[in-house]
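Let me begin by presenting the structure, written as structure tokens, before commenting on it.
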Amino acid sequence: MKSIVVVVAGSGQAHDLTVQPGTSARDVLAQIGLQGYVLSKNRGQNPFAEAENIYPVIDDGEKLFAMSKTDVGTSEILIHASSH
Numbered sequence: 003m004k005s006i007v008v009v010v011a012g013s014g015q016a017h018d019l020t021v022q023p024g025t026s027a028r029d030v031l032a033q034i035g036l037q038g039y040v041l042s043k044n045r046g047q048n049p050f051a052e053a054e055n056i057y058p059v060i061d062d063g064e065k066l067f068a069m070s071k072t073d074v075g076t077s078e079i080l081i082h083a084s085s086h
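Numbering of the sequence shown is given in our numbering, commencing with residue 3 and proceeding in unit increments.
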């Protein structure tokens, strides 16, 4: 089992969680009661797929970020537009 901290973008609210092998991004978000959010390792990084098993790609004690799907879509548009 691994301990993680999930920070909710915008509010800065942090949730300490314990995850086990087979835990998906959807499982983590459901555990803290977030719907319409995605989970990523870093702000601005592509989010995990909802059904993705995140256990093998996270470290014990790692901080993850929960962002609303709307915020993710907006940042992708800004990144795409600024690259032209």
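Cβ coordinates follow ideal geometry from the N, Cα and C atoms, glycine included.
Within the same chain, S70 and K71 come within 7 Å of G38 by CB-CB distance, once the 5 residues on both sides are set aside. For L31, no beta strand (DSSP E) encloses it; the enclosing alpha helix (DSSP H) starts and ends at A27 to Q33. Take the alpha-carbon of Q33 and the one of G46: they are about 23 Å apart. Around the C-beta of T25, 16 or more other C-beta atoms lie within 10 Å, and the residue is accordingly described as buried. Ranking P58, D61, L66 and G35 by CA distance to the CA of P49 puts L66 first.
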